[in-house]
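Visitor: First residue of the sequence shown: 420, per this note's numbering; consecutive thereafter. Here a beta-carbon is modelled for each residue, glycine too, at the ideal position from N, C-alpha and C. From a predicted model like this one, the values you see are computed outputs, not experimental measurements.
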Amino acid sequence: STSPIAEAVGPLVRGLGVGGSLLVLGVVDGSVSVNTNYLMSKNARVEGFTAGTAADSEDALRFAHQHRIRPKVEVFPFRETPRAVNAMLKGTVGGSRAVIDAR
420 STSPIAEAVG PLVRGLGVGG SLLVLGVVDG SVSVNTNYLM SKNARVEGFT AGTAADSEDA
480 LRFAHQHRIR PKVEVFPFRE TPRAVNAMLK GTVGGSRAVI DAR
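(1) Grab me the residues of residue 438's own chain with a C-beta within less than 7 Å of its C-beta, minus the 5 sequence neighbours each way, in chain order.
(2) Rounded to whole angstroms, how far is the Cβ of residue 442 from the Cβ of residue 468, which I believe are closer than 8 Å?
(3) For residue 447, which option in 424, 518 and 458 has the closest C-alpha, if you only look at C-alpha atoms?
(4) For residue 517, write down the residues that DSSP places opposite it in a beta bridge.
(5) Can you tell me which of the three DSSP states residue 450 falls into?
See the structure below:
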């Protein structure tokens, strides 16, 4: 999760499979609540992850830009959010991530 909103992070655990991990990649605006029964039944976990310093991130972005590295994502319009969630749960997303375009 890269959401800065704590309330948006907790419900994401429902998308985890057996042995799955939810990585919290950014700083959230408060405490994150999760359903621990769900985590236990799936042997899943929630982890915090840091990716280095701001300079490390800038270097990585510069490298990606210079070498024309692009993410493999499937973009869904906001009105098709349920379809995006279904595709993620079924593992049929075209690319490695589903992105919801809220514009």
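Guide: Taking the geometry as given:
(1) The answer, listed in chain order, is 462 and 463.
(2) Going by Cβ atoms, the distance from residue 442 to residue 468 rounds to 5 Å, so yes, they are a contact pair.
(3) Checked all of 424, 518 and 458; the closest Cα to residue 447 is 424.
(4) For residue 517, DSSP records a beta bridge to 493.
(5) In this structure, residue 450 counts as coil in the three-state DSSP scheme.
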